[in-house]
Amino acid sequence: MAHVYHEAVFNPHSGKVGLTVLFAVHAQSAAQHKVGPQVLEYHLVHTVVSGQAEFSPPA
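In our numbering, the protein residues as written are 9 to 67.
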């Protein structure tokens, strides 16, 4: 089983105008990790560094 961890860094200046990064996360999720469905007030970008992931939009 892979080591599971989660690190997050939040931008203290996130209320400014224009395109802003709110936070960044580096994580190793457990197998079969699932989130949602959810509605967010921002765009979320995921990058898979190794292994695989599957995105399933809501029905």
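No residue lacks a Cβ here, since even glycine has one placed at the ideal position from N, Cα and C. Only a predicted model underlies this, so the values are computations on that prediction, with no experimental measurement involved.
- The residue from 56, 34, 29 with its alpha-carbon nearest to that of residue 50 is 29.
- In this structure, DSSP gives residue 15 an extended state, which the three-state scheme calls strand.
- Nearest to residue 61 by C-alpha distance, out of 40, 52, 13, is 40.
- With respect to residue 32, residue 17 sits close: the two C-beta atoms are nearer than 8 Å.
- Straight-line measurement puts the Cα of residue 37 at about 15 Å from the Cα of residue 44.
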